[in-house]
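Numbering (the numbering used here), first residue to last: 18 to 255.
We put the CB at the ideal spot given by N, CA and C, even for glycine.
Keep in mind it's a predicted model, so treat the numbers as computed, not measured.
Report on the structure given below.
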């Protein structure tokens, strides 16, 4: 089971690694493709949350427990985004401009810390889905992987815009995204032999976080400022 867990989270992590590599190699071209990739990833995440994560969690939890778990996940991501940094780099990138680049030069570490929290929970989501639903959790793995590709790409672009060299941006993108593996391992160890209600609470918590990601990212894309095409792209290497 542990080998299967690490293989699944490894696939999701590789998707993020690929996104980071694409962002570093083709930064300005990747910027033009990012909104489409982010939209596809978020729609996949919304679909699996509404049709898989939340229904599976609700089946083993009481109404109040389910609502509390979902709200806790939503609030955790809101708190991190408000008091640390954007927990999803794709949420920040649509509003990327020269002022954002200046702030990132001093706050890039906070962005990476926030994303590490996010990626750890991505890994937990991949692990919990199978045992709770009784199937292999392929839907969650696919949705998380589709989400991780533009996530890695966006983080690499933000770090490049903050003045990181290509090599340094790729290194830190991969280092942060590797916490997805840590989340998978943590989930497998902590949830081994756990009751269905405990698994349901964790899955509902993760689902609440996913709802926050989808809501904030789609709102950010809808409010994209035209200057991303000038100020934002001018901060990126060709």
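{"Asked": "Alpha carbon of residue 23 to alpha carbon of residue 136, nearest angstrom", "Found": "14 Å"}
{"Asked": "Where residue 164 falls, given that 16 or more other Cβ within 10 Å makes a residue buried", "Found": "buried"}
{"Asked": "Check whether residue 131 and residue 176 have beta carbons under 8 Å apart", "Found": "no"}
{"Asked": "Exposed unless 16 or more other CB atoms sit within 10 angstroms - verdict on residue 96", "Found": "exposed"}
{"Asked": "Where residue 49 falls, given that 16 or more other Cβ within 10 Å makes a residue buried", "Found": "exposed"}
{"Asked": "Check whether residue 200 and residue 141 have beta carbons under 8 Å apart", "Found": "yes"}
{"Asked": "Pick from 155, 173 and 59 that is closest to residue 235, judged by C-alpha positions", "Found": "59"}
{"Asked": "Beta carbon proximity, residue 144 to chain C, threshold 8 Å", "Found": "No chain C is present in this structure, which holds just one protein chain."}
{"Asked": "Check whether residue 145 and residue 219 have beta carbons under 8 Å apart", "Found": "yes"}
{"Asked": "Distance, residue 40 Cα to residue 75 Cα", "Found": "38 Å"}
{"Asked": "Cβ-based burial, residue 104 [other Cβ within 10 Å; buried from 16]", "Found": "buried"}
{"Asked": "Three-state secondary structure assigned by DSSP to residue 80", "Found": "helix"}
{"Asked": "Residue span of the alpha helix (DSSP H) that contains residue 189, given as start and end", "Found": "183-194"}
{"Asked": "Chain-order list of residues whose beta-carbon lies under 6 Å from that of residue 94 (same chain, five-residue window excluded)", "Found": "104, 226 and 229"}
{"Asked": "Exposure label - residue 90; buried when at least 16 CB within 10 Å", "Found": "buried"}
{"Asked": "Beta-carbon contacts of residue 78 that lie in its chain and below 8 Å, excluding the five residues immediately before and after", "Found": "86, 214, 217, 218 and 221"}
{"Asked": "Cβ-based neighbour list, residue 138, same chain, cut-off 7 Å, excluding 5 preceding and 5 following", "Found": "200, 223 and 226"}
{"Asked": "Sub-8 Å separation of residue 38 and residue 166 beta-carbons", "Found": "no"}
{"Asked": "Span of the alpha helix (DSSP H) around residue 101", "Found": "Neither: residue 101 is in no alpha helix (DSSP H) and is coded neither H nor E."}
{"Asked": "Residue 36 versus residue 170: straight-line alpha-carbon distance, rounded", "Found": "4 Å"}
{"Asked": "Buried/exposed call for residue 72, threshold 16 Cβ in 10 Å", "Found": "exposed"}
{"Asked": "Alpha carbon of residue 178 to alpha carbon of residue 186, nearest angstrom", "Found": "10 Å"}
{"Asked": "Given residue 129 as reference, the closest of 45, 207, 189 and 27 once Cα atoms are compared", "Found": "189"}
{"Asked": "Distance between residue 26 and residue 20 (C-alpha atoms, nearest Å)", "Found": "10 Å"}
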